[in-house]
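Residue numbering for the sequence shown follows my numbering, starting at 859 and increasing by one per position.
For glycine and all other residues, C-beta sits at the position ideal for the given N, C-alpha and C.
Scroll down for the structure; my scribbles are underneath it.
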Amino acid sequence: MQSSSPQPKSHSNQAVVLLVFFGFLVVLFAFGKSIVDVIVLPRTLDLAADDQLEAGFLPVYEEEGTADPALVAVDDQQAQPFPTPEAELEDVQPTADPGLPPDRIVIPAIELDSSIIPVESEPVQFEGKIYQQWLAPDYRAVGWHNTSVGLGVPGNTVLNGHHNIKGEVFRDVYRLQTGDEIIVFSGDQEFRYLVVFTAVLPERNQPLEVRLANAEWIQTTEDERITLITCWPYESNTHRVVVVAVPMRAGEAGD
């Protein structure tokens, strides 16, 4: 009687190998995608984590665009009268001229004299949308938002700075009053401004919509102005300080 030999299982073995190989590819793809996401995709914004910060520059978030004139008009919002009628904002036409890069700021009223350096923003994502988070210098210097205009042209020149860490360059900005003078330099050329608006706005523990509304002040504008931005108070950073100044004409002087 002839015994039967077992049938080869080559087909089933090949199927198992293919399944294992396919699974390996899936795992490899997922691993590779996670690495790419970490490197390429913006980090996820965690407002609660930001609000746990006890010191430093509370991050500024904004959507790219142009400020709503109704939200950032200063003609009828100033707390004190302008030093002279000529200090009021004028409607001017936008220009393609990027202006001169600022490199030094002097504010006599708070005895500030500091260098200015360009600063960048980084993308962050929140609920499926991308926003920009602005960085501040990590030493005693004022940061110039590198997408804002330079000096001497229509637009909004935005300057930020820490107020309670890393040199505390903007520690006393909250003390500025309407009519105070701000002098900004680009090399040997100086530009003089008068403060026309100050505000202290709730920021910490506020929803993103409120923070973006606060950030309207750092958006592009059609009039020529500079905007200073920092945090307050010294111990907790619960609020955003905004100071707007407009060009001073020849013969004018701050209080």
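If you follow the beta strand (DSSP E) that residue i is in, where does it begin and where does it stop?
| i | result |
| --- | --- |
| glutamate 1067 | No beta strand (DSSP E) holds glutamate 1067; the alpha helix (DSSP H) holding it covers 1066-1072. |
| valine 977 | 970-977 |
| alanine 1103 | 1097-1105 |
| leucine 1086 | 1082-1090 |
| valine 918 | 918-920 |
| tyrosine 989 | 987-992 |
With DSSP run on the structure shown, which of helix, strand or coil describes residue i?
| i | result |
| --- | --- |
| valine 1042 | strand |
| asparagine 966 | The sequence given here places proline at residue 966; asparagine does not occur at that position. Note: proline 966 maps to helix in three-state DSSP. |
| proline 1060 | strand |
| asparagine 1004 | coil |
| asparagine 1022 | coil |
| valine 1027 | coil |
| arginine 998 | coil |
| phenylalanine 879 | helix |
| glutamine 1077 | coil |
| valine 1011 | coil |
| glutamine 983 | strand |
| glutamine 872 | helix |
| alanine 937 | Caution applies to alanine 937, whose pLDDT of 37 falls short of 50 and renders its modelled position unreliable; the value that the coordinates give is listed next. DSSP places alanine 937 in coil when its eight states are reduced to three. |
Closer than 6 Å by C-beta to residue i: which residues in its own chain qualify, once you throw out the five before and the five after it? Chain order, please.
| i | result |
| --- | --- |
| aspartate 908 | Pro917 |
| glutamate 948 | Note that glutamate 948 scores a pLDDT of 48, beneath 50, so its modelled location is shaky and nothing firm can be said. |
| glycine 1025 | Tyr997, Arg998 |
| isoleucine 1041 | Val964, Glu1048, Arg1050 |
| glutamate 980 | Gln991 |
| arginine 1029 | His1021 |
Closer than 7 Å by C-beta to residue i: which residues in its own chain qualify, once you throw out the five before and the five after it? Chain order, please.
| i | result |
| --- | --- |
| arginine 1069 | Tyr919, Glu1061 |
| arginine 901 | Val982 |
| threonine 1079 | Ala925, Val930, Gly1013, Asn1014 |
| aspartate 921 | Before going further, note that residue 921 is glutamate rather than aspartate in the sequence given. Answer for glutamate 921: Tyr989, Leu1070, listed in chain order. |
| aspartate 955 | Val1011 |
Could you pull out every residue in the same chain whose Cβ sits closer than 8 Å to the Cβ of residue i, ignoring the five residues on either side in sequence?
| i | result |
| --- | --- |
| histidine 1097 | Val1058, Leu1059, Pro1060, Glu1061, Arg1062, Cys1089, Trp1090, Pro1091 |
| alanine 906 | none |
Do the CB positions of residue i and residue j come within less than 8 Å of each other?
| i | j | result |
| --- | --- | --- |
| glycine 1037 | aspartate 961 | no |
| proline 966 | glycine 1008 | no |
| glutamine 983 | leucine 903 | yes |
| leucine 1086 | valine 1101 | yes |
| alanine 1073 | leucine 929 | no |
| valine 1139 | isoleucine 988 | With the chain covering 859 to 1113 only, the question about residue 1139 has no answer from this structure. |
| histidine 1003 | asparagine 1018 | yes |
| alanine 994 | valine 1011 | no |
| glutamine 1035 | glycine 923 | no |
| valine 932 | phenylalanine 1043 | no |
| serine 972 | valine 1053 | no |
So residue i is in the alpha helix (DSSP H); what residue range does that whole segment cover?
| i | result |
| --- | --- |
| leucine 929 | 927-930 |
| leucine 905 | 905-908 |
Could you check whether the Cβ of residue i sits closer than 8 Å to any Cβ belonging to chain C?
| i | result |
| --- | --- |
| histidine 1020 | Note that chain C does not occur in the displayed structure, where there is just one protein chain. |
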